[in-house]
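Read the structure below first, then the notes.
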Amino acid sequence: MKKNIAIILIIMLGLMSAGQPCLAASSSFPDISSHWAREYITSMSSSGYITGYPDGTFKPDKTVSKAEFIRVLLSCLGITPTEYTKNSFTDISRHWARIYINEAVNQGLLIPSEYPGGLKPDNALKRSEAAAFLVRAMGKEPEEGDMSFTDQANLNKSMYKGYIKLASELGLLSGYPDGSFQPFTEVTRAQMCKLMLNYLEKAGIKSASASASTPANISGSFTSLAIGDEIYSLSSTSLSFKTTLGSSIPVSSLAAINGYLYVNNQYRYALESPLTNLEVIVGNCRY
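Heads up, the sequence shown is in this note's numbering, so the first residue is 477 and it goes up one at a time.
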């Protein structure tokens with residue numbers, strides 16, 4: 477049975493601090509002062525999940541591309557992408573988000589067979605696609621059944637109908653005031669911020685701005701993990717983390733850099749979060 481546990485990381489003494497560049501973010505953009513999503517945008521920006529444009533603006537009503545959404549979602553999941561030798565799609569080989577897209581496929585968030593003509597990463601993300609990404613990020617499966625939205629005919633045309641149903645039930649996405657869902661409507665950057673905050677809340681992940689005590693300056697490598705009264709050495713203990721996506725990550729190294737826990741220099745999780753999206757497996761015991 478999964479338990480709420482206190483995880484204490486034991487810092488190796490004498491190690492030099494390891495620095496790593498952070499996402500450049502601004503908590504205030506000049507073009508969101510009167511926008512309905514100002515608080516959502518500010519929260520996501522303060523947490524380092526999203527950034528603005530070089531001119532200092534955020535452009536909240538600009539549509540968000542599939543590539544941009546995937547990058548932000550992986551950031552919210554605390555996953556640092558790995559470099560892969562083979563691309564998941566034929567149209568991403570020179571794209572800036574190639575490593576994020578390949579990682580999303582590896583994590584089961586993105587299914588190549590759903591895009592037989594190529595991902596087209598710069599195309600705007602649709603609400604139906606966002607529903608699928610977020611439900612998969614929660615480690616859930618689509619559900620069949622009727623929905624109360626008024627545009628049932630449009631919903632029936634979407635391959636993501638089951639994801640839309642569960643996403644609405646989980647509170648990840650909601651419909652419009654007229655009762656419709658509009659599965660093929662494109663998602664704006666402002667709406668993305670609201671959706672991501674919905675996900676973080678439902679997944680039990682605190683944003684950096686949610687806690688003033690987030691240890692943003694902690695830095696160092698770790699040799700041991702303490703669970704309850706037991707301390708386990710990474711060098712002599714079989715240790716792995718299991719995520720909500722169902723994947724198991726054997727732990728070979730741990731490090732804390734700028735308020736985040738890095739596992740094997742690949743996966744990132746925010747410190748001071750409840751870590752409810754992780755199970756810890758030590759030997760044959762799961763916590």
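Backbone N, C-alpha and C fix where the C-beta goes; we use that ideal spot for every residue, glycine too. On a predicted model such as this, the values are computed, not experimentally measured, just so you know.
Using a Cβ-Cβ distance cut-off of 8 Å, the segment 542–559 and the segment 665–682 are in contact, since at least three pairs of beta carbons, one from each stretch, lie closer than that value. The Cβ atoms of residue 607 and residue 640 lie closer than 7 Å to each other. Per the Cβ contact rule, the segment 661–669 is not in contact with the segment 617–637 (fewer than 3 Cβ pairs under 8 Å). Cα atoms of residue 643 and residue 649: separation of roughly 6 Å, rounded to the nearest angstrom. For the 7 Å CB-CB criterion, residue 564 and residue 540 do not form a contact. No Cβ-Cβ contact shorter than 7 Å links residue 656 with residue 609. Going by DSSP, residue 724 is part of the beta strand (DSSP E) stretching over 724–726. Here residue 616 carries a coil assignment [DSSP, helix/strand/coil].
In this structure, residue 547 sits near residue 573, with a CB-CB distance shorter than 7 Å.
Sequence-distant partners of residue 638 (beyond 5 residues in either direction) whose C-beta falls short of 7 Å from its own C-beta, in its chain, are 618, 619, 620.
Counting along the chain, the unbroken alpha helix (DSSP H) around residue 521 starts and ends at 514–522.
One thing to note: residue 646 has its Cβ no nearer than 7 Å to the Cβ of residue 602.
When beta bridges are read from the DSSP output, residue 664 appears opposite 539. For residue 525, no alpha helix (DSSP H) encloses it, and the DSSP letter there is neither H nor E. Secondary structure of residue 575 (DSSP, three-state): helix. Residue 545 is not a Cβ neighbour of residue 528, given a cutoff of 7 Å.
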